[in-house]
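Here this note's numbering is used: the first residue of the sequence shown is 25, the next is one more, and so on. These notes concern the structure reproduced below.
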Amino acid sequence: MLQISQLYIYPIKSLGGIPVTSAEVTSRGFKHDRRWMLVDGQNRFLTQREHPQMALIKVNIQSDGLLVSYHANGSIKIPFAYDTLSKHDVVIWDDTCIGVYVGDEFDEWFTTILGIPCRLIYMPDDSEREVDQRYAQPGMITSFADAYPFLLIGQASLDDLNKRLPAALPMDRFRPNIVFTGGDAFSEDLMDHINISGINFYGAKLCARCVMTTIDQQTGVKAKEPLKTLATYRLKNNKILFGQNLVHQGEGFVTVGDTISVLSTHTDDRFIIEKKKSVS
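Below is the structure:
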């Protein structure tokens, strides 16, 4: 049996994630997931890839907003409702979409922490960023996530990796939305159509991993793992793959303990990686 064991929401792109026991599925992903984002002076997104200290900025969801904290700078409350909504084009990778500036006081707070001028952006409900149409149906949208509304990883896949590593790593290195137990290592690779709590999810693309996986989410320190080890057995077309990105149809709630029903599996070569034995 495949069963959800962990759920995560990342309200502000590339900052600390939040483990939750239940999450609401909306049209663009989990409610509040990556609806906020930090941008530079050119309105281009900022991430841990260039600014690993972003991992140390922690976020909590409260009834009326986000409580954001950083050990040396205290905390700041970001409300869900804003007095002014000045819309601007913002850039994420090759996408340009609409965001609104949240407020000068928040910009100043984050600028002090990161040591570079930056602004906090929110994605309003009328800003709809389409998922890559090569891997999704028309009308499917996402938030400020890199490309897709969900990332699915099996606990067995991390267990397999940790057997190969000199020191085990936690799941937070990979920033998933949905983690499940049961099945074989990397069984998520082949999941095409799955159903969770009456909501349909579709495997869109195996997730190519970057240097963010090498950043300790508790210290902000970079290292070589897990990319060094993953490259020895999870490399395909010069990309290191770990986890599968999902799109979906339907709304509702998913909860830790829910069963994952696999309704169909992928047969395309791009989802198939030659298996190599784990270290015993």
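The C-beta atom is built at its ideal place from N, Cα and C for all residues, glycine as well. Just so it is clear, the structure is predicted and the values come from calculations on it, not from any experiment.
N186 - containing alpha helix (DSSP H), residue span:
Within the sequence shown, residue 186 is the residue found at index 162, counting from 1. Segment 179-188, the alpha helix (DSSP H) holding N186.
How do the region 206-217 and the region 170-181 stand: do at least 3 beta-carbon pairs fall below 8 Å, yes or no?
Remark: three or more beta-carbon pairs, one from each stretch, lie closer than 8 Å, so the region 206-217 and the region 170-181 are flagged as touching.
Using a 10 Å radius around the Cβ and a threshold of 16 neighbouring Cβ atoms, would you call I140 buried or exposed?
The count along the sequence shown starts at 1 and reaches residue 140 at position 116. I140 comes out exposed.
Could you check the C-alpha separation between Q273 and A96 for me, to the nearest Å?
Residue 273 sits at position 249 when you count from the first residue of the sequence shown. Residue 96 sits at position 72 when you count from the first residue of the sequence shown. When rounded, the distance between both Cα atoms is 42 Å.
How far does the alpha helix (DSSP H) with W133 in it reach, from first residue to last?
To locate residue 133, count along the sequence shown from 1; it is residue 109. 128-138 is the span of the alpha helix (DSSP H), which, as asked, contains W133.
Near K248, what residues of its chain come up, given a Cβ to Cβ distance below 8 Å and the 5 sequence neighbours on each side ignored?
On the sequence shown, residue 248 is found 224 positions in, with the first residue counted as 1. The beta carbon of K248 lies closer than 8 Å to those of T238 in the same chain, with the five residues before and after it left out.
Could you please give me the residues that DSSP links to P200 through a beta bridge?
Here the question's residue 200 lines up with position 176 in the sequence shown. Note: P200 sits in no beta bridge, so no partner.
Residues in the same chain with beta-carbon distance under 7 Å from D131, minus the five sequence neighbours each way, listed in chain order, please.
On the sequence shown, residue 131 is found 107 positions in, with the first residue counted as 1. Excluding sequence neighbours, D131 sits near C142, R143, L144.
Between the region 71-79 and the region 36-44, are three or more C-beta pairs nearer than 8 Å?
Counting C-beta pairs closer than 8 Å gives three or more between the region 71-79 and the region 36-44, which meets the contact rule.
For V235, name the three-state secondary structure that DSSP assigns.
The residue labelled residue 235 in the question sits at position 211 within the sequence shown. Assigned with DSSP and collapsed to three states, V235 falls in helix.
Q27 by DSSP, collapsed to three states: which one?
Locating residue 27 in the sequence shown gives position 3, where the first residue counts as 1. Q27 carries a strand assignment under DSSP once its states are collapsed to helix, strand and coil.
Please report the Cβ distance between I223 and I284, rounded to the nearest whole angstrom; I am assuming they are in contact, meaning their Cβ atoms lie under 8 Å.
As a first step, residue 223 must be located in the sequence shown, where it is residue number 199. As a first step, residue 284 must be located in the sequence shown, where it is residue number 260. About 11 Å separates the CB atoms of I223 and I284; that is not less than 8 Å, and the two are not in contact.
What distance in whole Å lies between the Cβ atoms of V271 and P173, which are believed to be in contact at a cut-off of 8 Å?
Within the sequence shown, the letter at position 149 stands for residue 173. Within the sequence shown, the letter at position 247 stands for residue 271. Contact between P173 and V271 holds: CB atoms are separated by about 6 Å, below the 8 Å threshold.
Any beta strand (DSSP E) of 3 or more consecutive residues that is wholly inside the region 55-106:
Entirely contained in the region 55-106, the beta strand (DSSP E) runs reaching 3 residues are, in chain order, 60-63, 82-86, 89-94, 98-103.
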